[in-house]
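One structure below.
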Amino acid sequence: MVKVITYGTYDLLHRGHIRLLKRAKALGDYLIVGVTADDFDKGRGKINIKQSLMERVEAVKATGIADEVIVEEYEGQKIDDIRRYGVDIFTVGSDWKGHFDYLNEYCQVVYLPRTRGISSSDLRSEVRKVKLGLVEDSVIVRKFLKECTYVNGIDVVGICTPELENLHPDFKELPLKTSCYEELVQNCDALYIASQPSEHYEQIKYALNQGKHVICESPIAMSAEECDELFKIAEERECVLMDAVKTAYATAYTRLMVILKSGIIGKIVSVDATCTSMQGFNPAQKNNKRKWNSISAWGPAAMLPIFQLLGTNYIDKRIVSLLADDQGSFDLFTKIDFLYKGAVASMKVARGAKSEGELVVTGMKGYAYVPAPWWKTDYFEIRYENSADNKRYFYQLNGEGIRYEIVDFLKAIECEYTLGSVSHEESKEICRVISDFYARRNFFSLDGKERYLTDK
Numbered sequence: 147m148v149k150v151i152t153y154g155t156y157d158l159l160h161r162g163h164i165r166l167l168k169r170a171k172a173l174g175d176y177l178i179v180g181v182t183a184d185d186f187d188k189g190r191g192k193i194n195i196k197q198s199l200m201e202r203v204e205a206v207k208a209t210g211i212a213d214e215v216i217v218e219e220y221e222g223q224k225i226d227d228i229r230r231y232g233v234d235i236f237t238v239g240s241d242w243k244g245h246f247d248y249l250n251e252y253c254q255v256v257y258l259p260r261t262r263g264i265s266s267s268d269l270r271s272e273v274r275k276v277k278l279g280l281v282e283d284s285v286i287v288r289k290f291l292k293e294c295t296y297v298n299g300i301d302v303v304g305i306c307t308p309e310l311e312n313l314h315p316d317f318k319e320l321p322l323k324t325s326c327y328e329e330l331v332q333n334c335d336a337l338y339i340a341s342q343p344s345e346h347y348e349q350i351k352y353a354l355n356q357g358k359h360v361i362c363e364s365p366i367a368m369s370a371e372e373c374d375e376l377f378k379i380a381e382e383r384e385c386v387l388m389d390a391v392k393t394a395y396a397t398a399y400t401r402l403m404v405i406l407k408s409g410i411i412g413k414i415v416s417v418d419a420t421c422t423s424m425q426g427f428n429p430a431q432k433n434n435k436r437k438w439n440s441i442s443a444w445g446p447a448a449m450l451p452i453f454q455l456l457g458t459n460y461i462d463k464r465i466v467s468l469l470a471d472d473q474g475s476f477d478l479f480t481k482i483d484f485l486y487k488g489a490v491a492s493m494k495v496a497r498g499a500k501s502e503g504e505l506v507v508t509g510m511k512g513y514a515y516v517p518a519p520w521w522k523t524d525y526f527e528i529r530y531e532n533s534a535d536n537k538r539y540f541y542q543l544n545g546e547g548i549r550y551e552i553v554d555f556l557k558a559i560e561c562e563y564t565l566g567s568v569s570h571e572e573s574k575e576i577c578r579v580i581s582d583f584y585a586r587r588n589f590f591s592l593d594g595k596e597r598y599l600t601d602k
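The working numbering applies: residue 147 is where the sequence shown begins, and numbers increase by one.
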């Protein structure tokens with residue numbers, strides 16, 4: 147019996163896939179089809195897969211062509227599978243010609259011609275055509291624009307910024323460049339907002355009331371009440387409102403959360419997160435008006451693992467800041483301690499000070515260590531008293547998590563529900579903590595001036 151094996155994503159299974167599978171089956175007597183897992187696809191840059199792994203597996207089985215269906219989960223698995231199943235022929239589409247010649251050492255390699263004029267990528271693009279507008283000209287917006295090029299079905303149509311005369315070259319080719327926010331909103335289906343945090347509430351509210359979907363850099367509002375109101379409007383208008391904390395979409399981070407919640411280090415008793423960066427900020431500069439302060443720039447990322455592991459129902463907190471001026475709107479450094487029933491947490495954020503940007507989660511059996519910069523890591527460790535039991539985890543990171551964030555935003559629009567990488571409750575608590583910073587609740591200033599208040 148001649149065994150044949152082939153692999154693919156098989157997203158939105160179409161006649162091209164079926165013809166390829168039939169040709170593969172004709173090469174032998176027994177056909178094994180490997181369907182690539184979601185994480186493996188991410189590593190290969192295929193991130194905007196429409197269907198889940200099980201949906202794709204079932205679609206391949208439903209054709210009746212495959213004698214056996216397996217899941218491809220890791221690099222190098224093809225060699226393992228060829229050996230394990232006693233495969234005689236490996237086959238794949240001709241667009242991969244030459245790429246798998248190394249497998250000739252283990253079996254015969256055959257490249258089959260693809261069906262012209264149809265592809266899953268084209269189908270995905272046809273399904274999702276979202277005209278996106280960008281709000282603000284900044285480093286994070288430039289990164290977001292670049293990451294949009296890796297995602298099918300999104301068309302960046304314009305940008306709104308108050309300083310058009312100094313527009314970065316990356317945006318020069320966009321069809322619409324305006325300083326009028328209302329004009330941008332009227333010419334798009336969705337908006338990515340990265341303006342000043344104090345502007346978010348009004349901009350989001352206007353866009354939602356115009357029936358536009360919104361993804362906004364966190365914090366999405368300056369108070370928990372405003373945050374609640376925005377999510378309510380989004381629900382009433384049947385629009386997507388997504389909190390853009392890119393760390394929440396990074397593969398290593400999401401896997402870390404799942405592993406820790408499984409109890410691998412026992413009961414969690416402490417979470418310590420540090421995020422600092424002085425890049426692009428000079429404390430001596432007089433004009434820092436458009437620059438985000440430490441609590442807004444880094445606070446949401448630092449609070450994310452705390453709230454996702456320990457919840458938002460803490461007993462008390464204390465905010466300690468080093469302020470840049472008497473007005474106190476710009477914090478050079480902020481440390482916040484949270485007290486929970488049975489656990490504690492601490493976060494340090496800074497744009498005017500520097501520290502090791504690591505994440506440490508302490509449990510009663512062991513601890514998790516994520517090296518700097520933990521908010522865009524592809525690696526973490528689970529450590530125990532006996533170092534022989536330590537485990538290391540590696541995951542592909544593309545675009546700092548931004549492109550996965552964009553994909554989830556498009557899926558939410560398409561499926562008419564918001565995915566849960568950052569819950570509404572977590573978004574609301576992030577807004578509440580930042581509001582407490584500005585209101586000086588539970589606050590103490592390192593400049594020596596008494597500003598400490600005890601009401602939560």
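By construction, the Cβ of each residue, glycine as well, lies at the ideal position given by its N, Cα and C atoms. All values reported here derive from a predicted model rather than from experimental measurement.
Can you tell which of the options has its C-alpha closest to the C-alpha of residue i?
| i | options | result |
| --- | --- | --- |
| residue 549 | 250, 299, 471 | 299 |
| residue 448 | 438, 461, 480, 475 | 480 |
| residue 440 | 147, 514, 162, 465 | 465 |
| residue 393 | 378, 414, 206, 421 | 421 |
| residue 475 | 504, 585, 237, 405 | 585 |
| residue 236 | 296, 289, 167, 206 | 167 |
| residue 525 | 229, 493, 397 | 397 |
| residue 171 | 320, 206, 155, 457 | 206 |
| residue 580 | 477, 506, 556 | 477 |
| residue 572 | 510, 367, 535 | 367 |
| residue 225 | 211, 252, 201, 245 | 252 |
| residue 372 | 405, 484, 578 | 578 |
| residue 258 | 250, 248, 243 | 243 |
| residue 485 | 407, 285, 532, 456 | 456 |
| residue 380 | 502, 163, 559, 325 | 559 |
| residue 289 | 569, 551, 228 | 551 |
| residue 222 | 208, 164, 180, 209 | 180 |
For residue i, which three-state DSSP category applies?
| i | result |
| --- | --- |
| residue 421 | strand |
| residue 449 | helix |
| residue 388 | strand |
| residue 586 | coil |
| residue 256 | strand |
| residue 557 | helix |
| residue 407 | helix |
| residue 416 | strand |
| residue 440 | helix |
| residue 183 | coil |
| residue 174 | coil |
| residue 336 | strand |
| residue 579 | helix |
| residue 277 | strand |
| residue 541 | coil |
| residue 574 | helix |
| residue 350 | helix |
| residue 151 | strand |
Can you have a look at residue i and say buried or exposed, based on whether 16 or more other CB atoms are within 10 angstroms of its CB?
| i | result |
| --- | --- |
| residue 332 | exposed |
| residue 363 | buried |
| residue 157 | buried |
| residue 346 | buried |
| residue 266 | The pLDDT assigned to residue 266 is 48, lower than 50, so where the model puts this residue is not dependable; a value taken from the coordinates is nonetheless given after this. Per the 10 Å Cβ criterion, buried. |
| residue 528 | buried |
| residue 327 | buried |
| residue 459 | exposed |
| residue 344 | exposed |
| residue 357 | exposed |
| residue 127 | Any question about residue 127 goes unanswered here, given that the chain covers just 147 to 602. |
| residue 241 | exposed |
| residue 311 | exposed |
| residue 293 | buried |
| residue 575 | buried |
| residue 412 | exposed |
| residue 154 | buried |
| residue 230 | exposed |
| residue 451 | buried |
Beta-carbon within less than 7 Å of residue i's beta-carbon, same chain only, minus the 5 sequence neighbours each way: which residues are those?
| i | result |
| --- | --- |
| residue 214 | 178 |
| residue 638 | Residue 638 lies beyond the range of the chain shown here (147 to 602); nothing can be said about it. |
Return the chain-ordered list of same chain residues with a C-beta closer than 6 Å to the C-beta of residue i, the five sequence neighbours on each side being excluded.
| i | result |
| --- | --- |
| residue 385 | 354, 359 |
| residue 546 | 392, 522 |
| residue 277 | 301, 303, 334, 335 |
Ordered along the chain, which non-local residues of its own chain (more than five positions away) have a Cβ less than 8 Å from that of residue i?
| i | result |
| --- | --- |
| residue 315 | none |
| residue 313 | 283, 305, 307, 323 |
| residue 291 | 280, 302, 316, 317 |
| residue 173 | 148, 150, 235, 237, 256 |
Worksheet entry | Contained alpha helix (DSSP H) runs [length at least 4] in the region 452 to 530, N- to C-terminal order | For the region 452 to 530, there is no continuous alpha helix (DSSP H) assignment of 4+ residues that stays within its boundaries.
Worksheet item: Going along the chain, which unbroken runs of the alpha helix (DSSP H) with 4 or more residues stay wholly within the region 202 to 237?
Response: Counting only runs of 4+ residues, the alpha helix (DSSP H) found wholly inside the region 202 to 237 occupies 223 to 231, in chain order.
Worksheet item: Fully enclosed by the region 285 to 329, which alpha helix (DSSP H) runs are 4 residues long or longer?
Response: Counting only runs of 4 or more, we get 285 to 294.
Worksheet entry | Secondary structure, beta strand (DSSP E): runs of 3+ residues fully inside the region 357 to 405 | Fully enclosed beta strand (DSSP E) runs of no fewer than 3 residues occupy 359 to 363, 387 to 390 of the region 357 to 405, in order along the chain.
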